[in-house]
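Residue numbers (the UniProt record's numbering): 1 to 299.
Take a look at the structure:
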């Protein structure tokens, strides 16, 4: 049922990801499926989503139409909307998980793929209509001015298909591209770091070993990670239990949380400190600022 109403749910792909993972590589009716832990949480979220599905507008042939797209490291997202009564109204949402090969695409190619896949998905609503494509990846605004010999075969195929519907690609700031950006970041917030990997790294982290030996202001206790055989050291000095992050994983966590919505280094530091802990965590802005600048350099 949820797949039938999928277009009414902005982040359906993220919500269903733990359930879809249970079906990977299996044959239908070949074995029973145990829905526990994250899968059970996802199942309950699916039921809630059906009850609170986003209200979509009825298409108006006379209204201005736009397609807003975005891509993250793991997924694509888009929203088709119309301008009516001085406001943008959502007509439908779309999100799609990238394949392992697509995750290796450059940012330009992933953003181009987002437009290509979104138009394919909404083709029945876009044919014979004028519409604007909005992206927060500015180089795409000049895509149709690029010489053919400068494009890869895949880029040329995608641009050729897109041009059959619209060549009007405009830039929208990441701050304003909230819906498509959220849809494109399915799984990232929940999977910033694998807790089993984190627990294994804790076992060999010299800093944690020293803290456990000498003591600190942190109130570290081991807790069990549901659905695994793993125990994880977490800090209980704040209302939210925060996993202790070993030295080897700190930069990865900073980069993952920064990529969620591209905040500044200080904002990312606050985001990290709310969810994780280690000595001197408030100084992570200095550690991560170099990564933020590198990520914003043109490719």
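The beta-carbon is built from N, C-alpha and C at its ideal position, and this holds for glycine as well.
Alpha-carbon spacing of residue i relative to residue j, whole angstroms
{"i": "residue 187", "j": "residue 142", "result": "Because residue 187 carries a pLDDT of 48, less than 50, the predicted location of this residue cannot be relied on, and no value is offered for it."}
{"i": "residue 218", "j": "residue 209", "result": "13 angstroms"}
{"i": "residue 246", "j": "residue 164", "result": "51 angstroms"}
{"i": "residue 293", "j": "residue 22", "result": "In this predicted model, residue 293 has a pLDDT of only 38, less than 50, meaning its place in the structure is not dependable; the value taken from the coordinates is given anyway. Distance between the alpha carbons of residue 293 and residue 22: 38 angstroms."}
{"i": "residue 40", "j": "residue 98", "result": "24 angstroms"}
{"i": "residue 82", "j": "residue 240", "result": "41 angstroms"}
{"i": "residue 281", "j": "residue 213", "result": "20 angstroms"}
{"i": "residue 24", "j": "residue 64", "result": "41 angstroms"}
{"i": "residue 43", "j": "residue 33", "result": "13 angstroms"}
{"i": "residue 85", "j": "residue 129", "result": "19 angstroms"}
{"i": "residue 215", "j": "residue 238", "result": "17 angstroms"}
{"i": "residue 299", "j": "residue 270", "result": "With a pLDDT of 39 at residue 299, under the threshold of 50, the modelled position of this residue cannot be trusted, and the question is left open."}
{"i": "residue 113", "j": "residue 70", "result": "9 angstroms"}
{"i": "residue 225", "j": "residue 38", "result": "11 angstroms"}
{"i": "residue 120", "j": "residue 149", "result": "25 angstroms"}
{"i": "residue 223", "j": "residue 200", "result": "14 angstroms"}
{"i": "residue 77", "j": "residue 206", "result": "41 angstroms"}
{"i": "residue 152", "j": "residue 118", "result": "20 angstroms"}
{"i": "residue 254", "j": "residue 87", "result": "36 angstroms"}
{"i": "residue 61", "j": "residue 272", "result": "45 angstroms"}
Whole-number beta carbon distance between residue j and residue i, since they are thought to touch under 8 angstroms
{"i": "residue 13", "j": "residue 75", "result": "6 angstroms"}
{"i": "residue 166", "j": "residue 133", "result": "6 angstroms"}
{"i": "residue 161", "j": "residue 116", "result": "6 angstroms"}
{"i": "residue 221", "j": "residue 236", "result": "6 angstroms"}
{"i": "residue 169", "j": "residue 146", "result": "Their Cβ separation, rounded to whole angstroms, is 12 angstroms, which puts residue 169 and residue 146 out of contact at 8 angstroms."}
7 angstroms CB neighbourhood of residue i in its chain, flanking five on each side removed
{"i": "residue 137", "result": "107, 108, 111"}
{"i": "residue 36", "result": "227"}
{"i": "residue 56", "result": "8, 90, 91, 92"}
{"i": "residue 19", "result": "39, 42, 43"}
{"i": "residue 131", "result": "65, 66, 67, 166"}
{"i": "residue 242", "result": "234, 235, 275, 276, 277"}
{"i": "residue 139", "result": "108"}
Cutoff 8 angstroms; reference residue i; Cβ partners in own chain excluding five residues on either side
{"i": "residue 202", "result": "208, 232, 233, 244, 246"}
{"i": "residue 49", "result": "2, 9, 12, 15"}
{"i": "residue 59", "result": "82, 91, 125"}
{"i": "residue 204", "result": "246"}
Own chain, CB closer than 6 angstroms to residue i, minus 5 neighbours either side, in chain order
{"i": "residue 171", "result": "138, 141"}
{"i": "residue 211", "result": "none"}
Open item on the list: For the pair the stretch 94 to 105 and the stretch 123 to 141, tell me if three or more CB-CB distances fall below 8 angstroms.
Closed with: With a cut-off of 8 angstroms, the stretch 123 to 141 and the stretch 94 to 105 do not count as touching, because too few Cβ pairs lie within range.
Task: Stretch-stretch touch, CB-based, cutoff 8 angstroms, three pairs: the stretch 270 to 278 with the stretch 240 to 250 - done: A contact exists between the stretch 270 to 278 and the stretch 240 to 250.
Open item on the list: When you compare the stretch 214 to 230 with the stretch 191 to 206, are there three or more beta-carbon pairs, one atom per stretch, that lie closer than 8 angstroms?
Closed with: yes
Task: Any 3 or more C-beta pairs closer than 8 angstroms across the stretch 156 to 163 and the stretch 87 to 98 - done: no
- [ ] Can you check the stretch 212 to 283 for any alpha helix (DSSP H) of at least 4 residues that lies completely inside it and give the ranges in chain order?
- [x] 250 to 261, 265 to 275
Task: Start-end ranges of the beta strand (DSSP E) lying completely within the stretch 85 to 137, minimum 3 residues - done: 87 to 97, 131 to 135, all fully within the stretch 85 to 137.
Task: Every unbroken beta strand (DSSP E) within the stretch 44 to 81, with a cutoff of 3 residues, ordered by chain - done: 64 to 71
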